[in-house]
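Start counting at 1 in the sequence shown, then tack on 7, and there's your number in the numbering used here. Heads up, the beta-carbon is just placed ideally off N, CA and C, and yes, glycines get one too. Please read all numbers here as calculations on a predicted model, not as lab measurements. Below is one structure; the comments refer to it alone.
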Amino acid sequence: MMKETQYLMFDSNGLKTVKKSQIPEYYNTFNQNNLLDLNSIIFKLDEQSFLEYNLISKVENDLNNTAISSLKMSFIKIECQETELKMKLIESRMPELISHIAHFGYRTSSNSLKELIGYLESQNPLKFDQSKGHPFYEHNLKKLLFTLCLTNWPKGTNNYTNGLSFINGDGKLIYCHVSDQRSFLEFLIENTQITTKSGMERIYEENGELFIKLNLQIRFK
């Protein structure tokens with residue numbers, strides 16, 4: 008059975024729907040809706056925090072989001088070095104920003120990118136100078152989304168294409184043709200979300216210190 012298909016055009020006039028369009032073979036295709044899937048974002052745990060919440064008995068069982076969000080932790084690295092280096096090519100502090108996005112995903116029930124941006128701007132975890140109103144977090148998040156969508160990011164290439172296709176949550180096949188970056192970025196903020204996979208977290212000890220691995224997905228709605 009063929010999926011219902013929608014063709015979207017992003018130009019200087021904004022977003023419009025067209026009846027039919029030619030789809031180049033080089034467009035990125037996201038069959039699983041995932042733009043980014045990170046399973047091992049590593050944080051160092053404050054040992055006292057770990058003990059206070061009595062989680063030792065849960066290490067081999069389930070760590071719920073409430074317990075995880077209560078832990079005091081500091082970002083160490085993205086376990087896959089290649090992925091971390093690709094992140095740094097987008098923006099030198101992108102891995103650290105990703106860690107705060109993941110923590111937001113665990114501490115709230117929201118998967119909204121707009122709420123995420125508001126949270127980051129209010130907390131300013133990277134200590135950007137926001138005194139003149141520069142939207143550092145929104146800019147960097149949009150830069151990440153744009154790169155994930157329109158480059159062959161898994162292979163580390165930065166050559167941009169002019170479009171992509173994906174299957175949305177309703178099972179509709181969406182083709183996007185992009186000639187205007189601004190309208191496409193606004194579309195991405197509205198039509199992508201962050202999620203975490205419960206039960207994939209792991210606390211472990213190494214050289215007498217405690218660490219936790221968290222996960223993060225950025226995907227189309």
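Item	Value
Where K51 sits in the DSSP three-state scheme	strand
Supposed close pair Y14, Y182 - CB separation, criterion 8 angstroms	5 angstroms
For S119, the residue or residues it bridges with in DSSP	Q200
S64, DSSP secondary structure in three states	Note on S64: pLDDT 49, under 50, position unreliable in the model; no value is reported.
Straight-line Cα distance separating T73 from T24	42 angstroms
For L22, the first and last residue of its enclosing beta strand (DSSP E)	21-25
Cβ separation of F50 and I85, assumed to be a contact under 8 angstroms, to the nearest whole Å	Wrong, their Cβ atoms sit about 11 angstroms apart, outside the cutoff.
Outcome for H184 when other beta-carbon atoms lying within 10 angstroms are tallied against a minimum of 16	buried
Sheet register partners of H184 (DSSP bridge)	M16, G170
For Y33, the nearest candidate out of T158, G176, F111 (CA to CA)	T158
Where E67 falls, given that 16 or more other Cβ within 10 Å makes a residue buried	In this prediction, E67 has a pLDDT of 47, which is less than 50 and means its spatial position is unreliable; nothing more can be read from the coordinates.
Beta-carbon proximity list for F135, same chain, < 7 angstroms, skipping 5 on both sides	F143
N- and C-terminal bounds of the beta strand (DSSP E) containing T36	35-37
Reduced DSSP secondary structure (H/G/I, E/B, other) of E193	helix
Supposed close pair L147, E98 - CB separation, criterion 8 angstroms	The displayed chain sequence assigns Asn, not Leu, to residue 147. About 5 angstroms; that satisfies the 8 angstroms criterion.
Exposure of S106, with buried meaning 16 or more beta-carbon neighbours within 10 Å	buried
Proximity of E11 and L180 at Cβ, strictly below 8 angstroms	yes
Beta-carbon proximity check, L123 vs I201, cutoff 8 angstroms	yes
Option nearest L52 by Cα separation, candidates I108, L221, H141, K27	L221
Candidates E145, K150, N198: closest to F173 by CA position	N198
E208, buried or exposed, once every other Cβ within 10 Å from all chains shown has been counted against 16	buried
Collapsed DSSP secondary structure at S77 in the structure displayed	helix
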